[in-house]
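Protein chains in written order, with our numbering: chain A, 4 to 174; chain B, 33 to 411.
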């Protein structure tokens with residue numbers, strides 16, 4: 004990923020590599036492992052990308068990358084097809100619409116927006132399951148997954164720091 | 033002439049607008065996908081083949097990733113067994129002593145049970161074959177609880193087959209491909225399991241909500257349940273065989289009855305998939321509805337006649353119920369005419385007519401073994 008600052012930033016670098024890393028991380032956290040009768044947490048890694056990609060820059064490829072990550076989650080976790088694409092895109096769209104409010108803000112403010120994006124994504128998933136099955140998903144489990152996903156904010160911050168100002172064409 | 037040199041060379045579209053348009057298109061696609069899928073009912077899910085192919089692709093990768101975990105777990109158990117051998121030995125001796133009493137009781141009961149079955153000519157269910165599978169992925173979020181296991185149609189697994197750990201029921205197969213199957217766990221938000229409370233034989237529906245302890249709904253009977261009761265599969269609906277251990281009743285902080293699953297006590301890296309067939313669904317429903325009850329011997333016939341006469345006499349002394357409106361059924365009778373087109377008989381005149389059987393459905397309630405078998409004459 005070493006390149007000259009004057010070179011344009013290729014989508015494979017800021018979209019492709021994180022895309023693959025999110026899939027690998029999801030694989031790793033799905034192994035059937037229990038430590039002292041406790042299972043591994045199950046964070047939603049693609050939410051990190053949905054947030055970071057929307058902050059880094061508006062892109063035509065971004066929403067479709069989010070869509071495919073959501074499809075991967077549905078197929079991999081065995082959920083209803085379309086659940087996570089819808090949920091991730093809800094978070095992505097929120098950040099895309101609010102992007103002008105975030106320009107030049109510090110990491111604390113960005114963390115607040117990250118929490119909002121995570122809440123929008125998981126709230127959408129919660130409502131979608133509630134409306135389609137008539138059964139409210141376990142609130143404690145939802146909050147737990149929200150918290151472990153919120154704990155991934157340093158990854159989103161790293162991506163933003165790494166790529167937001169990396170292309171001279173967008174300065 | 034390239035596009036840049038054409039009449040659109042000065043056209044400038046704001047990047048934010050194009051990105052927003054792309055997001056809207058992606059959202060529409062996502063919504064369409066969500067509206068057209070169904071994860072539990074394969075008949076309603078248009079993505080069964082896609083799910084199967086995807087599972088075939090990711091299962092080897094997940095298998096490789098999870099293999100070191102399995103080995104590490106085995107090594108930890110080995111070391112733990114070495115260091116805790118003495119205390120484990122004491123615990124197991126006490127356990128064996130307790131279980132020996134149960135074994136003796138079980139042998140005696142089995143003997144009596146076999147005699148009863150022989151006397152009644154019961155046709156019991158055959159042993160259910162099973163196949164052991166390794167879990168390669170474990171989804172445990174609030175919106176999907178499922179496991180991918182490394183057996184499929186090549187090993188005889190079918191959609192609907194129950195899966196058990198060494199302690200109790202884990203779930204059932206909802207998607208299957210050649211060498212991989214997906215097991216929907218009892219805790220999944222779309223899981224509904226007919227169960228019975230062992231102590232009272234009361235029925236209930238166990239409803240998953242994505243949490244570790246599924247809820248008990250539609251509990252029938254007065255005070256049929258209390259904390260610590262054992263929960264078994266009831267066999268209703270034909271998805272699970274009757275009597276598989278599920279868990280223990282507990283009450284949560286809000287006073288809702290829930291089940292602590294036995295499967296949570298065990299290792300989750302292996303499951304057994306039962307090749308269970310719903311014999312109720314396989315039976316010829318038409319032939320069953322036409323079968324006649326076994327003839328009674330003289331003594332039994334006299335007893336039945338006396339009981340019917342006594343019941344009729346008891347009902348005759350009760351105050352008469354108001355006459356139902358025309359076309360409505362009287363209490364204790366059915367609105368539908370009796371088989372053969374005859375009108376329903378009054379409840380007080382004779383023993384109630386046998387209820388007509390409901391029409392056959394895709395998953396009819398499972399008949400008990402004695403009912404599924406052709407009736408044999410009483411000796």
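Glycine included, each C-beta is placed from N, C-alpha and C at the ideal position.
Should the stretch 182-196 of chain B be called in touch with the stretch 44-54 of chain A, which here means at least 3 C-beta pairs below 8 Å? no
What is the DSSP secondary structure of residue 297 of chain B, counted as helix, strand or coil? Translated into the one-based positions of the second chain, residue 297 of chain B becomes position 265. Reduced to three states, the DSSP call for residue 297 of chain B is helix.
Any C-beta of chain A under 8 Å from that of residue 270 of chain B: Against the second chain, residue 270 of chain B aligns to sequence position 238. Not closer than 8 Å to any Cβ of chain A, the Cβ of residue 270 of chain B fails to qualify, so no.
Going by other Cβ atoms of all chains shown within 10 Å of its Cβ, with 16 needed for buried, is residue 13 of chain A buried or exposed? Counting from 1 along the first chain, the entry for residue 13 of chain A is found at position 10. It counts as exposed.
Beta-bridge pairing of residue 231 of chain B - partner residues as DSSP gives them: Position 199 of the second chain, counted from the start, is the residue given in the question as residue 231 of chain B. Answer by DSSP bridge pairing: none, since residue 231 of chain B is not bridged.
Mapping the DSSP letters down to three states, classify residue 47 of chain B as helix, strand or coil. For the purposes of this step, residue 47 of chain B is taken as the residue at position 15 of the second chain. Helix at residue 47 of chain B.
If you measure between the beta carbons of residue 124 of chain A and residue 81 of chain A, is that distance less than 8 Å? What you label residue 124 of chain A is simply residue 121 of the first chain in a count that begins at 1. What you label residue 81 of chain A is simply residue 78 of the first chain in a count that begins at 1. For the pair residue 124 of chain A and residue 81 of chain A, the CB atoms are not nearer than the 8 Å cut-off.
Residue 136 of chain A versus chain B: which residues are under 8 Å apart at the beta carbon? Reading the first chain from its first residue, position 133 is the one you call residue 136 of chain A. Chain B residues near residue 136 of chain A: 221 and 222.
Continuous beta strand (DSSP E) stretch holding residue 306 of chain B: start and end: Within the second chain, the letter at position 274 stands for residue 306 of chain B. From DSSP, the beta strand (DSSP E) with residue 306 of chain B extends over 302-306.
What residues in its chain sit with their C-beta under 6 Å from that of residue 382 of chain B, if we drop five residues either side in the sequence? Within the second chain, numbered from 1, the residue matching residue 382 of chain B stands at position 350. Note on residue 382 of chain B: pLDDT 38, under 50, position unreliable in the model; the coordinate value appears next. Excluding residues within five positions, none has a Cβ falling inside 6 Å.
Could you tell me which residues DSSP pairs with residue 166 of chain B in its beta bridges? Residue numbering aside, residue 166 of chain B sits at position 134 when the second chain is read from its first letter. The partner list for residue 166 of chain B (beta bridge, DSSP) reads B:302.
For residue 168 of chain B and residue 213 of chain B, believed in contact at Cβ under 8 Å, the rounded distance: Residue mapping note: residue 213 of chain B aligns to position 181 of the second chain, counting from 1. Residue mapping note: residue 168 of chain B aligns to position 136 of the second chain, counting from 1. Going by Cβ atoms, the distance from residue 213 of chain B to residue 168 of chain B rounds to 10 Å, so no, they are not a contact pair.
Please state the DSSP three-state secondary structure of residue 226 of chain B. Position 194 of the second chain holds residue 226 of chain B. In this structure, residue 226 of chain B counts as strand in the three-state DSSP scheme.
Is the number of C-beta pairs between the stretch 267-275 of chain B and the stretch 302-310 of chain B that are closer than 8 Å three or more? yes
Let me know the secondary structure DSSP gives residue 290 of chain B once reduced to three states. Position 258 of the second chain holds residue 290 of chain B. Correct three-state label for residue 290 of chain B: strand.
Measuring CB atoms only, is the stretch 47-59 of chain A touching the stretch 94-107 of chain A, in the sense that at least three cross pairs come out at less than 8 Å? Touching, yes, given that three or more Cβ pairs across the two stretches are closer than 8 Å.
If you draw a straight line from the C-alpha of residue 418 of chain B to the C-alpha of residue 151 of chain B, how long is it? The structure shown does not extend to residue 418 of chain B, since chain B is modelled only from 33 to 411, so the question has no answer here.
Cβ-Cβ separation, residue 131 of chain A to residue 89 of chain A (assumed contact under 8 Å), whole Å: Along the first chain, one-based indexing puts residue 89 of chain A at 86. Along the first chain, one-based indexing puts residue 131 of chain A at 128. Contact flag correct, Cβ pair sits at about 6 Å.
Less than 8 Å between the beta carbons of residue 298 of chain B and residue 223 of chain B, yes or no? In the second chain, the residue the question calls residue 298 of chain B occupies position 266. In the second chain, the residue the question calls residue 223 of chain B occupies position 191. Contact annotation: residue 298 of chain B and residue 223 of chain B have beta-carbon atoms that are not nearer than 8 Å.
So what's residue 86 of chain A in DSSP terms, helix, strand or just coil? Residue mapping note: residue 86 of chain A aligns to position 83 of the first chain, counting from 1. Residue 86 of chain A: helix per DSSP, three-state reduction.
Under 8 Å between the Cβ atoms of residue 180 of chain B and residue 202 of chain B? By one-based count along the second chain, residue 180 of chain B stands at place 148. By one-based count along the second chain, residue 202 of chain B stands at place 170. It is not a contact, given that the beta carbons lie outside the stated cut-off.
Can you find at least 3 beta carbon pairs, one from the stretch 162-176 of chain B and one from the stretch 68-81 of chain A, that sit closer than 8 Å? With contact defined as three or more Cβ pairs closer than 8 Å, the stretch 162-176 of chain B and the stretch 68-81 of chain A are in contact.
For residue 213 of chain B, which residues does DSSP report across the bridge? To locate residue 213 of chain B, count along the second chain from 1; it is residue 181. DSSP output for residue 213 of chain B lists B:181 and B:208 as bridge partner(s).
Contacts that residue 167 of chain A makes with chain B (C-beta to C-beta distance below 7 Å): Residue mapping note: residue 167 of chain A aligns to position 164 of the first chain, counting from 1. Simply none; closest approach about 14 Å.
Cross-chain neighbours of residue 265 of chain B in chain A, by beta carbon under 7 Å: Within the second chain, numbered from 1, the residue matching residue 265 of chain B stands at position 233. Result: empty, since nearest Cβ-Cβ is about 20 Å, beyond 7 Å.
For residue 139 of chain B, the three-state DSSP class (helix, strand or coil): The sequence position of residue 139 of chain B within the second chain is 107, counting from 1. Note: residue 139 of chain B maps to helix in three-state DSSP.
Does the beta-carbon of residue 146 of chain A have 16 or more other beta-carbons within 10 angstroms, so that it is buried, or is it exposed? Position 143 of the first chain, counted from the start, is the residue given in the question as residue 146 of chain A. Answer is exposed; the Cβ neighbour count stays below 16.
For residue 136 of chain A, which residues of its own chain have a beta-carbon under 6 Å away from its beta-carbon, when the five flanking residues on both sides are left out? Residue numbering aside, residue 136 of chain A sits at position 133 when the first chain is read from its first letter. Answer for residue 136 of chain A: no residue qualifies.
Within 10 Å of its beta-carbon, does residue 122 of chain B have 16 or more other beta-carbons around it, so buried, or fewer, so exposed? Locating residue 122 of chain B in the second chain gives position 90, where the first residue counts as 1. Classification of residue 122 of chain B: exposed, given that the 10 Å Cβ count is below 16.
Distance, residue 160 of chain A Cα to residue 111 of chain A Cα: The residue given as residue 111 of chain A occupies position 108 in the first chain. The residue given as residue 160 of chain A occupies position 157 in the first chain. Rounded to whole angstroms, residue 111 of chain A to residue 160 of chain A spans 10 Å at the Cα level.
With DSSP collapsed to three states, give me the class of residue 219 of chain B. Walking along the second chain from the start, residue 219 of chain B turns up at place 187. In this structure, residue 219 of chain B counts as coil in the three-state DSSP scheme.
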